[in-house]
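Trainee: Line order of the protein sequences matches chains A and B.
Per the working numbering, the very first residue in the first sequence carries number 1; after that it's consecutive.
Per the working numbering, the very first residue in the second sequence carries number 73; after that it's consecutive.
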Amino acid sequence: MPIVIRLDRELVERKMTLTELSERVGITVANLSILKTGKARAVRLSTLESICRELNCQPGDIIEYVAESEAR
Amino acid sequence: MTRRVFRTGSWAALVLGVLAALSAVTVVVTGALALTGRVTYPVNVSLGPFSVHDRVSMPVAVWQEVCQKASTYDSGEPSDCLRLFMHQGSENSGGGPVHVQDADVRPNDLYATGAISLATTGGWSPLVAASVTRKAISLMVISAVLLLLWRLLANSAAGDVFSARAVGQVRGIGWLVILGNVVKPVVAFAVSFDDGYAMPMFGYGHPFVEKMGEAGVNLTQLALGGLILLLAEAFRHGAAVEAERRLTV
Chain A
1 MPIVIRLDRE
11 LVERKMTLTE
21 LSERVGITVA
31 NLSILKTGKA
41 RAVRLSTLES
51 ICRELNCQPG
61 DIIEYVAESE
71 AR
Chain B
73 MTRRVFRTGS
83 WAALVLGVLA
93 ALSAVTVVVT
103 GALALTGRVT
113 YPVNVSLGPF
123 SVHDRVSMPV
133 AVWQEVCQKA
143 STYDSGEPSD
153 CLRLFMHQGS
163 ENSGGGPVHV
173 QDADVRPNDL
183 YATGAISLAT
193 TGGWSPLVAA
203 SVTRKAISLM
213 VISAVLLLLW
223 RLLANSAAGD
233 VFSARAVGQV
243 RGIGWLVILG
253 NVVKPVVAFA
263 VSFDDGYAMP
273 MFGYGHPFVE
283 KMGEAGVNLT
293 QLALGGLILL
303 LAEAFRHGAA
313 VEAERRLTV
């Protein structure tokens with residue numbers, strides 16, 4: 001899929017674990033893991049809002065569009 | 073609350089499904105024993121608190137015209153019509169010995185369907201074989217439908233309402249209803265041409281009794297099967313939506 005989730009990069013930059021983020025945003029680790037591994041089919045705006053609030057970032061820092069030709 | 077209803081329904085379906093399966097086994101065993109000459113119909117066996125009652129019957133239809141006028145003086149005489157009268161009010165007769173159809177609704181002819189209960193002598197009989205097969209198929213289909221319903225409701229009670237498994241179960245119920253409706257008449261059709269029995273009737277004034285074929289396909293049951301298959305499609309759509317919802321973060 002050309003949409004890539006960069007949550008792991010943002011977490012590494014902030015030296016934060018997925019469990020810690022999960023506690024802060026109130027979303028289960030299982031669901032954040034689905035998002036992090038790119039298995040999610042959709043992301044709620046409220047989820048994006050809480051993640052951006054806790055990581056102090058923009059939605060574009062987490063979600064990125066990579067054209068398939070570039071990805072190859 | 074909903075889950076409790078699902079759980080109760082699933083238990084009821086399980087109990088009824090097992091009972092139907094046991095009945096099917098009983099019918100097959102009794103049929104096999106009757107066809108090999110070990111027992112004769114009607115079967116009444118008591119085993120402690122349990123008892124088995126099984127019988128063979130033949131579907132028949134009765135037809136006779138209804139008399140429009142008749143006299144009670146002729147009641148001992150044979151008649152080619154049925155002396156059945158309808159009078160308005162609570163009076164049984166119009167007053168005299170001669171009855172005339174004088175109500176605002178008049179009986180024209182009688183057509184009734186039912187079954188002749190048969191006693192067998194034991195041993196092979198195509199009629200008994202067909203009857204046992206039909207009964208066993210019906211009970212097996214009912215049992216399979218109820219057991220699928222049990223699994224469907226049990227999964228729903230566990231919160232797994234829309235899933236690929238549920239779609240398969242609803243589809244299974246739909247196909248069973250359709251196939252049960254088709255297979256039963258096929259068996260009846262296979263033996264209906266020549267079941268080896270003639271049924272002459274004589275005497276004067278009896279209603280005309282004829283053997284009724286069971287080779288027809290029940291359209292209501294077919295439509296019900298089709299509706300259940302449509303429901304399975306709705307479940308398939310629900311399962312797709314549920315899968316999407318589960319992967320929405």
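The beta-carbon is built from N, C-alpha and C at its ideal position, and this holds for glycine as well.
All values reported here derive from a predicted model rather than from experimental measurement.
(1) Can you tell me whether B/Trp83 is helix, strand or coil according to DSSP?
(2) For B/Thr320 and chain A, any beta-carbon pair shorter than 9 Å?
(3) What residues from chain B crowd round A/Thr47, counting only those whose CB sits closer than 7 Å?
(4) For A/Leu18 and chain D, any beta-carbon pair shorter than 9 Å?
(5) Name the chain A residues whose beta carbon is nearer than 8 Å to that of B/Glu316?
(6) Just to confirm my understanding: we take A/Val29, look at its own chain, exclude 5 residues before and 5 after, and list those with CB closer than 7 Å. What are they?
(7) Let me know if A/Val66 comes out buried or exposed under the rule of 16 or more other beta-carbons within 10 Å of its beta-carbon.
(8) Could you tell me whether the Cβ of A/Leu21 comes closer than 9 Å to any Cβ of chain B?
(9) With DSSP as the reference, label B/Met130 as helix, strand or coil.
(10) State the CB to CB distance for the pair A/Ile5 and A/Lys36, rounded to an integer number of angstroms; the pair is presumed to be in contact (CB under 8 Å).
(11) Name the chain B residues that come within less than 8 Å of A/Asn56, Cβ to Cβ?
(12) Looking only at DSSP bridge pairs, what is A/Gln58 linked to?
(13) Can you tell which of A/Arg14, A/Val25, A/Ile34 and A/Pro2 has the C-alpha that lies nearest to the C-alpha of B/Glu316?
(14) Determine, using beta carbons only, whether A/Ile3 comes closer than 9 Å to chain B.
(15) If B/Ser95 and B/Leu211 are in contact, beta carbons under 8 Å, what's the gap, nearest whole angstrom?
(16) Just the C-alpha distance for A/Leu7 and A/Gln58, rounded to the nearest angstrom, thanks.
(17) Using a Cβ-Cβ distance under 9 Å, would A/Ile62 count as near chain B?
(18) Quick one: is A/Leu11 near chain B, going by C-beta distance under 9 Å?
(19) Find the residues of chain B that neighbour A/Leu35, judging by a C-beta separation of less than 9 Å, and give them in chain order.
(20) In the structure shown, what three-state DSSP assignment does B/Trp135 receive?
(21) Under a Cβ-count criterion, where at least 16 other Cβ atoms within 10 Å of its own Cβ denotes burial, should B/Asn253 be classed as buried or exposed?
(22) For B/Phe234, does the count of other Cβ atoms within 10 angstroms reach 16, so buried, or fall short, so exposed?
(23) Do you know whose CA, among B/Leu301, B/Ser203, B/Pro198 and B/Val100, lies nearest B/Ala187's CA?
(24) Of all the options B/Asp174, B/Leu91 and B/Leu154, which has the alpha carbon lying nearest to the alpha carbon of B/Gly161?
Mentor: Concretely, from the data shown:
(1) On the second sequence, position 11 is the one that residue 83 of chain B refers to. Three-state DSSP puts B/Trp83 in a helix.
(2) On the second sequence, residue 320 of chain B is found 248 positions in, with the first residue counted as 1. Yes - at least one Cβ of chain A is within 9 Å of the one on B/Thr320.
(3) Mapped onto the first sequence, residue 47 of chain A falls at position 47. What A/Thr47 touches in chain B: Val321.
(4) This model lacks chain D altogether; the protein chains it does include are A and B.
(5) The residue you call residue 316 of chain B lines up with position 244 of the second sequence. Neighbours of B/Glu316 on chain A, chain order: Arg41 and Ala42.
(6) In the first sequence, the residue the question calls residue 29 of chain A occupies position 29. Leu18, Thr19 and Ser22.
(7) If you number the first sequence from 1, residue 66 of chain A lands on position 66. It is exposed - the Cβ of A/Val66 has fewer than 16 other Cβ atoms within 10 Å.
(8) Here the question's residue 21 of chain A lines up with position 21 in the first sequence. No, A/Leu21 does not count as interfacial toward chain B.
(9) Stepping through the second sequence from its first residue, residue 130 of chain B is reached at position 58. In this structure, B/Met130 counts as strand in the three-state DSSP scheme.
(10) For the purposes of this step, residue 5 of chain A is taken as the residue at position 5 of the first sequence. For the purposes of this step, residue 36 of chain A is taken as the residue at position 36 of the first sequence. The pair is a contact, with the Cβ atoms about 6 Å apart (cut-off 8 Å).
(11) Taking the first residue of the first sequence as position 1, residue 56 of chain A is located at position 56. Going along chain B, no residue has its Cβ under 8 Å from A/Asn56, so there is no contact; the nearest lies around 20 Å.
(12) Here residue 58 of chain A refers to the residue found at position 58 of the first sequence. Partner(s): none; A/Gln58 has no beta bridge.
(13) Indexing the second sequence from 1 puts residue 316 of chain B at position 244. Ranking A/Arg14, A/Val25, A/Ile34 and A/Pro2 by Cα distance to B/Glu316 puts A/Ile34 first.
(14) Counting from 1 along the first sequence, the entry for residue 3 of chain A is found at position 3. Judged by the 9 Å Cβ criterion, A/Ile3 is not in contact with chain B.
(15) The residue you call residue 95 of chain B lines up with position 23 of the second sequence. The residue you call residue 211 of chain B lines up with position 139 of the second sequence. Right, their Cβ atoms sit about 5 Å apart.
(16) On the first sequence, position 7 is the one that residue 7 of chain A refers to. On the first sequence, position 58 is the one that residue 58 of chain A refers to. Cα-Cα distance, rounded: 11 Å.
(17) Taking the first sequence and counting its residues from 1, one reaches residue 62 of chain A at position 62. Closer than 9 Å: no.
(18) Start at 1 with the first residue of the first sequence, and residue 11 of chain A comes out as number 11. So, not an interface residue.
(19) By 1-based counting over the first sequence, the position of residue 35 of chain A is 35. Val321, listed in chain order.
(20) Taking the first residue of the second sequence as 1, we reach residue 135 of chain B at position 63. In the structure shown, B/Trp135 sits in a strand (DSSP, three-state: E or B).
(21) Reading the second sequence from its first residue, position 181 is the one you call residue 253 of chain B. Label assigned to B/Asn253: buried.
(22) Working through the second sequence from its first residue, we reach residue 234 of chain B at position 162. Buried: at least 16 other Cβ atoms inside 10 Å.
(23) In the second sequence, the residue the question calls residue 187 of chain B occupies position 115. Out of B/Leu301, B/Ser203, B/Pro198 and B/Val100, B/Ser203 has the C-alpha closest to the C-alpha of B/Ala187.
(24) Here residue 161 of chain B corresponds to residue number 89 of the second sequence, with the count starting at 1. For B/Gly161, the nearest C-alpha among the options comes from B/Asp174.
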